[in-house]
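**Student:** Residue numbers in the sequence shown follow full-length UniProt numbering, run continuously in steps of one, and reach 179 at the last position.
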Amino acid sequence: MELRKNTKFGNIIDFVNKMFEDETVRRVIFRGVGDAAEKCISCVEVFKRKRQEELYQWNALSTAKRVTYWDPVVPGMNRLKVTIDTPVIFIMLSRDPYPVELQCMSMQRSSDTGMKMHAKSAETRSSRRGGRRKERGSNKWSRPLRRQRIKKQVKGRRLLRSWRSCHENVFYYIDIQEL
1 MELRKNTKFG NIIDFVNKMF EDETVRRVIF RGVGDAAEKC ISCVEVFKRK
51 RQEELYQWNA LSTAKRVTYW DPVVPGMNRL KVTIDTPVIF IMLSRDPYPV
101 ELQCMSMQRS SDTGMKMHAK SAETRSSRRG GRRKERGSNK WSRPLRRQRI
151 KKQVKGRRLL RSWRSCHENV FYYIDIQEL
């Protein structure tokens, strides 16, 4: 299954689902080249989430060389050879576990985390976000609330005004002395 940058998710998912309905089909290989590598990963993750059975995944990253020749515009110049390395990803999904001699770090099962990848919690995303924020307490990296930002800005403006009023004569005095 070769994916391109503009391949529609729905078409790929439907096609692979139809393939996996046949029990004789044991594996499918997704391939993404260049910009399609990201789409390939996303497509596989969506497919695994929708699939009810346990799947085994094997990943391989590589590069492909693309050679292009540019003919000179100005007569008398040499032909230019351009070699470009583009990323390639291969993701194989299988119903069967891999043989021991082929197992490596780039393998995973849909049940490695203890739960199926398609399982979703009952809570909504917004309730999780708000609920977790209250449970976590303060986080020095989180964005401050609007009222906290405004309070800090007002305090800064007051401090700046008082500093300016105290030091206004000093700057004036320094300016006169330099003249």
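Note that beta-carbon positions come from the ideal geometry of N, C-alpha and C, so glycine has one too. Please read all numbers here as calculations on a predicted model, not as lab measurements.
Identify the continuous beta strand (DSSP E) that holds R66 and give its terminal residues.
**Tutor:** 56–70 is the span of the beta strand (DSSP E), which, as asked, contains R66.
**Student:** In angstroms, rounded to a whole number, what distance separates the CA positions of E45 and Q57?
**Tutor:** Whole-angstrom Cα-Cα distance: 10 Å.
**Student:** Using the Cα positions of K50 and K65, report the straight-line distance between them to the nearest angstrom.
**Tutor:** One C-alpha to the other measures close to 34 Å.
**Student:** So, is S162 buried or exposed, given that buried needs 16 or more other C-beta atoms within 10 angstroms?
**Tutor:** Exposed: under 16 other Cβ atoms inside 10 Å.
**Student:** How many whole angstroms separate the CB atoms of residue 182 and R79, which I take to be in contact at a CB cut-off of 8 Å?
**Tutor:** Any answer about residue 182 is impossible in this case: the structure gives the chain only from 1 up to 179.
**Student:** Please go through the same chain and pick out, in chain order, the residues whose beta-carbon is closer than 6 Å to the beta-carbon of I89, but skip the five residues on each side of it.
**Tutor:** Result list for I89: G32, A37, C40, L61, in chain order.
**Student:** Buried or exposed: where does V16 fall if 16 or more other Cβ atoms within 10 Å of its Cβ makes it buried?
**Tutor:** Buried, since its Cβ has 16 or more Cβ neighbours within 10 Å.
**Student:** Let me know the secondary structure DSSP gives S106 once reduced to three states.
**Tutor:** In this structure, S106 counts as coil in the three-state DSSP scheme.
**Student:** On the three-state DSSP scale, how would you describe S142?
**Tutor:** It is coil, neither helix nor strand.
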